[in-house]
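Asks: I am attaching a structure below and will ask some questions about it afterwards.
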Amino acid sequence: MEVKEIVSAAWLHTHLGNEKLIILDASLAQTATGKTPASSTVTIPNARYFDLKHVFSEASSVFPNTLPAPAAFEEEVRKLGIDTDSILVVFDNLGVYSSPRVWWLFQSMGHQKIAVLDGGLPEWKAQGFEVEERRPSPLKSGNFKVRFNPELLATYEAVLANTLNKTFTLVDGRSAGRFNGTAPEPRKQLQSGSIPNSVNIPYERVLTDGKFKSKEALQELFKPTDDAENLVFSCGSGLTACIVMLAAVRAGRSSKRVYDGSWTEWAELQDLTLDKE
Numbered sequence: 001m002e003v004k005e006i007v008s009a010a011w012l013h014t015h016l017g018n019e020k021l022i023i024l025d026a027s028l029a030q031t032a033t034g035k036t037p038a039s040s041t042v043t044i045p046n047a048r049y050f051d052l053k054h055v056f057s058e059a060s061s062v063f064p065n066t067l068p069a070p071a072a073f074e075e076e077v078r079k080l081g082i083d084t085d086s087i088l089v090v091f092d093n094l095g096v097y098s099s100p101r102v103w104w105l106f107q108s109m110g111h112q113k114i115a116v117l118d119g120g121l122p123e124w125k126a127q128g129f130e131v132e133e134r135r136p137s138p139l140k141s142g143n144f145k146v147r148f149n150p151e152l153l154a155t156y157e158a159v160l161a162n163t164l165n166k167t168f169t170l171v172d173g174r175s176a177g178r179f180n181g182t183a184p185e186p187r188k189q190l191q192s193g194s195i196p197n198s199v200n201i202p203y204e205r206v207l208t209d210g211k212f213k214s215k216e217a218l219q220e221l222f223k224p225t226d227d228a229e230n231l232v233f234s235c236g237s238g239l240t241a242c243i244v245m246l247a248a249v250r251a252g253r254s255s256k257r258v259y260d261g262s263w264t265e266w267a268e269l270q271d272l273t274l275d276k277e
């Protein structure tokens, strides 16, 4: 079964009987700016919880939402009963928020058969489909095998070099206020502002009512990057960057590179911090 990068609730409901299909719930308790979902325990039936915050981020990193080590990722994915030939659909309870990050994680680990549920849990419920309370369940270990692709990961060193000799356009998914330095960062020790040779496409602009805009609307939105051969996506901590990246893929762009450390790493390493009183 061929799976596109974004699927509808109706598509998912139609394919629930496919034995290779696994649904992943990547919901977070709250966003970086403090937004909380209406429900944190309701889920799609038989969905397996993908703990992005505590399991699928590198615990030893000083920065949030860091890509985990491939071996650790493989081990934890197998615990979810995922095989190398599994077809994955990932969703979250805010519509589209954390699920594209999971899509990118699997892409970077060499797994292509994954889609994001457009509109997430709110859209699933709006269509009248069944939900249940999230509960842990024992799972048979899967045989998932990582094939790590480092080309999807942009490092601080690469971004720093790009500020001196531009080889790609950095697309920043933060709000215009944070990008322009007129609004504060949610991580209060950091200044706001932007990385040289970057453009701003706030992640909210690629969505309408929690779903991705049409291909045509997204193509229009990405026109400012038309002169760039390569795109790299950034945000505050590497999470909402993946929303904009997936929107770019929907618009026909090929780049899936994410600056994982994003503004948090950049500001810390560039000493763009605020004095603590």
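Per full-length UniProt numbering, the sequence shown runs over residues 1 to 277. Virtual Cβ for every residue (Gly too), placed ideally from N, Cα, C. These numbers were taken from a predicted model, which means no experiment stands behind them.
1. Quick one: what does DSSP say Glu-123 is sitting in, helix, strand or coil?
2. Using a 10 Å radius around the Cβ and a threshold of 16 neighbouring Cβ atoms, would you call Asn-165 buried or exposed?
3. Please name the residue or residues paired with Lys-188 in a DSSP beta bridge.
4. Which residue comes first and which comes last in the alpha helix (DSSP H) that contains Leu-21?
5. So what does DSSP say about Asn-200, is it helix, strand or coil?
6. Can you give me the C-alpha to C-alpha distance between Phe-144 and His-111, rounded to a whole angstrom?
7. What do you get for Arg-147, buried or exposed, if any count of 16 or more other CB atoms within 10 angstroms of its CB means buried?
8. Please report how far the alpha carbon of Ser-57 lies from the alpha carbon of Pro-100, in whole angstroms.
9. Helix, strand or coil for Lys-215 per DSSP?
10. Do Gly-142 and Ile-82 have their C-beta atoms closer together than 8 Å?
11. Check whether the region 213-221 and the region 178-186 touch, using three or more Cβ-Cβ pairs below 8 Å as the test.
12. Going by beta carbon distance, what residues of the same chain come within less than 6 Å of Ala-26, once the five residues before and after it are set aside?
13. So what does DSSP say about Ile-6, is it helix, strand or coil?
14. Could you compute how far the alpha carbon of Lys-276 sits from the alpha carbon of Thr-155?
15. Expressed to the nearest angstrom, what Euclidean distance is found between the alpha-carbon atoms of Arg-174 and Thr-240?
16. Looking at the unbroken beta strand (DSSP E) that takes in Arg-257, where does it start and where does it end?
17. Tell me the residue span of the beta strand (DSSP E) that contains Val-116.
18. In three-state terms, what does DSSP make of Arg-205?
19. According to DSSP, is Ala-69 part of a helix, a strand, or is it coil?
20. Got a sec? Which residues, its chain only, sit under 8 Å from Leu-139 by beta carbon, not counting five neighbours each side?
21. Ala-248: buried (16+ other C-beta within 10 angstroms of its C-beta) or exposed?
22. Give the DSSP bridge partners of Ser-234, in chain order.
23. Within the chosen definition, does the region 244-260 reach the region 200-207 through at least 3 CB pairs nearer than 8 Å?
24. Kindly list the residues whose CB is nearer than 6 Å to the CB of Tyr-259, restricted to its own chain and excluding five residues on each side of it in sequence; keep chain order.
25. If Leu-152 and Lys-256 are in contact, beta carbons under 8 Å, what's the gap, nearest whole angstrom?
Replies: By the coordinates alone:
1. Three-state DSSP puts Glu-123 in a helix.
2. Flag for Asn-165 reads exposed.
3. In DSSP, Lys-188 forms no bridge with anything.
4. Looking at the DSSP string, Leu-21 is not in any alpha helix (DSSP H); the run it does join, the beta strand (DSSP E), is 21-25.
5. The answer is strand: DSSP assigns Asn-200 an E or B state.
6. When rounded, the distance between both Cα atoms is 9 Å.
7. So Arg-147 ends up on the exposed side.
8. C-alpha of Ser-57 to C-alpha of Pro-100: approximately 14 Å in a straight line.
9. Secondary structure of Lys-215 (DSSP, three-state): helix.
10. Their beta carbons are under 8 Å apart, which means Gly-142 touches Ile-82 by this criterion.
11. At 8 Å Cβ cutoff, the stretches do not touch.
12. Scanning its chain for C-beta atoms nearer than 6 Å, with the 5 sequence neighbours on each side dropped, one finds around Ala-26 the residues Phe-50, Leu-52, Val-90, Asp-92, Ser-98, Ser-99, Val-102, in chain order.
13. Here Ile-6 sits in strand by DSSP.
14. Reliability of the predicted coordinates at Lys-276 is poor, the pLDDT of 49 falling under 50, and the value obtained from them is presented with this limitation in mind. Roughly 28 Å separates the two Cα atoms.
15. The C-alpha of Thr-240 is placed about 8 Å away from the C-alpha of Arg-174.
16. Its beta strand (DSSP E) spans residues 257-259.
17. Its beta strand (DSSP E) spans residues 114-117.
18. Helix, per DSSP.
19. If DSSP states are grouped into helix, strand and coil, Ala-69 belongs with coil.
20. Closer than 8 Å at Cβ, skipping near neighbours: Arg-48, Lys-79, Leu-80, Gly-81.
21. Ala-248 is buried by the Cβ-count criterion.
22. Looking at the DSSP output, Ser-234 sits in a beta bridge with Asp-172.
23. Yes, they touch.
24. The residues are Ala-154, Val-159, Val-232, Ser-234.
25. With 8 Å as the limit, Leu-152 and Lys-256 qualify as a contact, their Cβ atoms being about 5 Å apart.
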